[in-house]
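K.L.:
Protein chains in written order, with the UniProt record's numbering: chain V, 1 to 440; chain S, 1 to 393. We put the CB at the ideal spot given by N, CA and C, even for glycine.
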């Protein structure tokens, strides 16, 4: 409120006198005016919405395009751009051009759901894909079923979206939700396999303070138990997302003196953490640091933040498998964007192709036809050959390797790189007695 | 309001009033028709309008404290989130319990209703101490302490106390399907939820409208105009502000309950200051001195926001666009959109004087329609406070 001198106060009162006076004198005209304006607006709005003829295949994508993790959304946009250009230059999908509308989730479930509704109901998209954050994915999955629209998740890794409802109290998997990238279970299975090779017994974690951070640590412990890795779990820190100062968390881990640390930090949080960890002497004191999903941030960031000699995973490697499809994709991407493709770019790229294949093979863009096609589908892309499991999860491999700077590509790469087969049987066996779902 | 007549007499009176030119009753009927027709509109428009109704109620609750009592709260998101989390936690944890007791057919509806009541109770429970502490301060200090309480709530929710709030992920809200006597409907279905929201928002708006036109509301305005004078008249200013604070929080809590079901998730962002700011912005855009201000402001805010979202290039800079709009409103329309529209109408139509319109008949309809019909009623006593200063405590 304006505190104000008496003078101000008077002015305010004078204004109000005039307005209140005019309002009580003729309320009818005002309403008529408002209503006319409202009606006009409604007509104008109605004109904007709608659209969506049969001449194009329209897909909706939702990624983080602003804030601390916007680099993920930008990478995905590049993948989409490439796929779209390639497909449209080569006859489109059954002769129809493909159009992709990309929207910002702002890393918020609320916004993501609103964007989804808008894409389905206003833009009449034929299918959806995207999502970077596990927390958002968990809230979005039930909405995909309510909107009856297929959703191909290309990045968010929580196993619970590909674990059928009822399997675990957090499970939200349903017929409409698929994932073409590897999930947290597959990724952390690889982490445990990597841990088995390392000379380290005391393990710690520093992860983001939400489902993804906790799930990573839970799965890692259960996989280590299941695989018989000789490991003790001595310290854990969960700083909130968008933390600016990691020093207290870093000190706390360093005080516990673990041999190795598994960290699922990601986005700008990861680069901030690495800078501060280096200053604190982290990489001198701790023998091995495992960056789960680390390459997704490294390749998309300026410079190469991941320190050489540490371990990182990726959901797609630009060099493995060494197939024609992968090499062609990597080279075209590098030429266009002057950087190696991240797994998020590849996941989004492949999602557009998945829709192409499903639409062409069923000859329809109907939801039921697409869902039928995706269920159990076998597909091949830069990432290699895979199929969708019973729970709609792609049976892609788990990829871990040693971070090495490559002069030829002027970038960090994984070399040597280990590709672990991570199908449903392998994972259930490795989880042993754990009550966590494999999500595949 | 209207004289005591029989029900039939009231109906006749209402019908004749509706037939007799562009009266309030006719607008009431048209507004109700509009609301019903809208239910058959495109699905997304129904969703957008429901969103508007919820935000309008949020801003309306906030304005009870700001426009009517003169206290600018920057922490009303706390109560918005309180309502949302109350219903979300009940749905998540007690849904199965209720299903066991009353059977799975009716239990989703019952759980939602109980959740709404719990959410409201939670909000009131929080507002009582928060308000008690906050109303000790005025002006910028009041704004800051409410901001602090709002962000305190944010931190608390993020901390996931006792596993209740699920941290930054928020709680998924699934409303479920009701099966009664062979027929089945989904509470969260777009049109069902729209109908539910219309009923709740209209009822809450009507309640708020009655409050601001009651002696209680008149005292609020007296305090806004001059706390010292009000106090000299024997009003316990602090106590009165506290009660208004609780009332305002409760209305915002109802909006929060509706928000949870609409969004499908109760997320910590609801109590962040940026959400509290939505109520402030909607009210400033609409005009804080009018009862209808926050409603019109919410309409302008959401629909302009939506229109921007239809253009990807504008969408990337929507905050910039809104900032410019806000500057324009603050500089040139001190009375907000409602004030601006009134001014515009006077310029266009001249003064077609229509002085003492009575409130007869259409009590229930007054706050509905295009959502602003309560405005005229609200300013009548406003006039009185000014002309009969001091006579009304």
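#1: Is there a Cβ of chain S sitting closer than 8 Å to that of residue 113 (chain V), yes or no?
#2: Measure from the alpha carbon of residue 117 (chain S) to the alpha carbon of each residue in S:85, S:96, S:105 and S:132, then state which is nearest.
#3: Beta carbon of residue 306 (chain S), beta carbon of residue 147 (chain S): below 8 Å?
#4: If I measure Cβ to Cβ from residue 112 (chain V) and keep anything under 6 Å in the same chain, skipping five residues before and after, which residues do I get?
#5: Do residue 249 (chain V) and residue 239 (chain V) count as a contact pair if the criterion is CB distance below 8 Å?
#6: Quick check on residue 132 (chain S): does DSSP put it in helix, strand or coil?
#7: Please determine, among S:251, S:232 and S:68, the residue with the shortest C-alpha to C-alpha distance to residue 218 (chain S).
#8: What in chain V is Cβ-close to residue 167 (chain S), meaning under 7 Å?
#9: Under three-state DSSP, which class holds residue 418 (chain V)?
#10: Comparing the C-beta of residue 48 (chain V) with each C-beta of chain S, is any distance below 8 Å?
#11: Cβ atoms of residue 90 (chain S) and residue 115 (chain S): under 8 Å apart, would you say?
#12: Using a C-beta cutoff of 8 Å, does residue 143 (chain V) count as contacting chain S?
#13: Name, in chain order, the residues that DSSP records as bridge partners for residue 164 (chain V).
#14: Rounded to the nearest angstrom, what separates residue 16 (chain S) and residue 10 (chain S) at their Cα positions?
#15: Looking at the structure shown, is residue 155 (chain V) part of a helix, part of a strand, or coil, going by DSSP?
#16: Between the Cα of residue 407 (chain V) and the Cα atoms of V:352, V:377 and V:304, which residue gives the shortest distance?
#17: Tell me the start and end of each unbroken alpha helix (DSSP H) in the stretch 217-292 of chain S that is at least 4 residues and wholly inside, in chain order.
#18: Can you find a C-beta in chain S that's less than 8 Å from the C-beta of residue 121 (chain V)?
#19: Leaving aside the five residues before and after residue 115 (chain V) along the sequence, list all residues of the same chain whose C-beta is less than 6 Å from its C-beta, in chain order.
#20: Mapping DSSP to helix, strand and coil, what is residue 327 (chain V)?
#21: Can you confirm whether residue 117 (chain V), when its beta carbon is compared against all beta carbons of chain S, has any partner nearer than 8 Å?
#22: Should the stretch 389-404 of chain V be regarded as contacting the stretch 181-196 of chain V, the criterion being three or more beta carbon pairs within less than 8 Å?
#23: Taking the continuous alpha helix (DSSP H) assigned at residue 74 (chain V), which residues delimit it?
#24: Using 10 angstroms around the beta-carbon of residue 159 (chain S), count the other beta-carbons present and answer buried if the total reaches 16, otherwise exposed.
#25: So with CB distances below 7 Å, who are the chain V contacts of residue 263 (chain S)?
#26: Tell me whether residue 33 (chain S) sits in a helix, a strand or coil according to DSSP, three-state version.
#27: Considering only residues of the same chain and omitting the five flanking positions on each side of residue 209 (chain V), which have a CB-CB separation below 8 Å?
#28: By the criterion of Cβ-Cβ separation under 8 Å, what are the contact partners of residue 294 (chain V) in chain S?
#29: Please decide whether residue 135 (chain V) counts as near chain S, where near means a Cβ-Cβ distance under 8 Å.
#30: Which same chain residues, not among the five before or five after residue 405 (chain V), have their C-beta less than 7 Å away from its C-beta?
#31: Could you work out which residues of chain S lie near residue 442 (chain V), taking near to mean beta carbons separated by less than 8 Å?
#32: At a CB-CB cut-off below 8 Å, which residues of chain S make contact with residue 138 (chain V)?
#33: Alpha carbon to alpha carbon, what distance is there between residue 175 (chain S) and residue 258 (chain S)?
#34: What does the alpha-carbon distance come out to for the pair residue 328 (chain S) and residue 282 (chain S)?
#35: Check whether chain V comes within 8 Å of residue 42 (chain S), counting only Cβ atoms and requiring the distance to be less than that.
#36: Since residue 59 (chain V) and residue 98 (chain V) should fall inside the 8 Å C-beta cutoff, what is the C-beta to C-beta distance between them, to a whole number of angstroms?
P.N.:
On the basis of the supplied data:
#1: Using a CB distance cut-off of 8 Å, residue 113 (chain V) counts as an interface residue toward chain S.
#2: Considering only alpha carbons, the answer is S:85.
#3: No. Outside cutoff.
#4: Beyond the five residues adjoining it in sequence on each side, residue 112 (chain V) comes within less than 6 Å, by CB distance, of 62, 105, 136 and 140 in the same chain, given in chain order.
#5: Contact: yes.
#6: Secondary structure of residue 132 (chain S) (DSSP, three-state): helix.
#7: For residue 218 (chain S), the nearest C-alpha among the options comes from S:68.
#8: Chain order gives the chain V residues near residue 167 (chain S) as 209 and 210, where near means a beta carbon separation below 7 Å.
#9: Secondary structure of residue 418 (chain V) (DSSP, three-state): strand.
#10: Low confidence applies to residue 48 (chain V): its pLDDT is 42, below 50, so where it sits in the model is not reliable, and the reading given next is rough at best. A Cβ of chain S is located within less than 8 Å of the beta carbon of residue 48 (chain V).
#11: In this structure, residue 90 (chain S) lies closer than 8 Å to residue 115 (chain S) by Cβ.
#12: At a cut-off of 8 Å, the C-beta of residue 143 (chain V) has a neighbouring C-beta in chain S.
#13: Paired residues: V:173.
#14: One alpha carbon belongs to residue 16 (chain S), the other to residue 10 (chain S), and they sit about 10 Å apart.
#15: Coil, per DSSP.
#16: Of the listed residues, the one whose Cα sits closest to residue 407 (chain V) is V:304.
#17: For secondary structure counted as the alpha helix (DSSP H) over 4 or more consecutive residues, the stretch 217-292 of chain S holds these complete runs in sequence order: 227-232, 237-263 and 273-286.
#18: Chain S, which has a Cβ nearer than 8 Å to the Cβ of residue 121 (chain V), makes this yes.
#19: Cβ neighbours of residue 115 (chain V) beyond the five flanking positions: 62 and 103.
#20: If DSSP states are grouped into helix, strand and coil, residue 327 (chain V) belongs with the helices.
#21: Closer than 8 Å: yes.
#22: Below 8 Å, enough C-beta pairs join the stretch 389-404 of chain V and the stretch 181-196 of chain V to call them touching: three or more.
#23: Looking at the DSSP string, the run of the alpha helix (DSSP H) that includes residue 74 (chain V) is 70-89.
#24: So residue 159 (chain S) ends up on the exposed side.
#25: Residues of chain V with a Cβ closer than 7 Å to the Cβ of residue 263 (chain S) are, in chain order, 110 and 113.
#26: Helix at residue 33 (chain S).
#27: These residues qualify, in order along the chain: 238, 239, 240 and 241.
#28: Contact annotation for residue 294 (chain V) against chain S: no contact, minimum CB-CB distance about 21 Å [criterion: below 8 Å].
#29: Proximity of residue 135 (chain V) to chain S, defined by a Cβ-Cβ separation below 8 Å, is satisfied.
#30: These residues qualify, in order along the chain: 304, 308 and 412.
#31: In the structure as shown, chain V begins at 1 and stops at 440. Residue 442 (chain V) is therefore absent and cannot be evaluated.
#32: Contact note: residue 138 (chain V) reaches chain S through 169 and 172, using a C-beta cutoff of 8 Å and chain order.
#33: Our two residues, residue 258 (chain S) and residue 175 (chain S), have alpha carbons roughly 11 Å apart in a direct line.
#34: Linking residue 328 (chain S) to residue 282 (chain S) through their CA atoms gives a straight-line distance of about 14 Å.
#35: Yes, because at least one Cβ of chain V sits closer than 8 Å to the Cβ of residue 42 (chain S).
#36: By a beta-carbon distance limit of 8 Å, residue 59 (chain V) contacts residue 98 (chain V). Their separation comes to about 7 Å.
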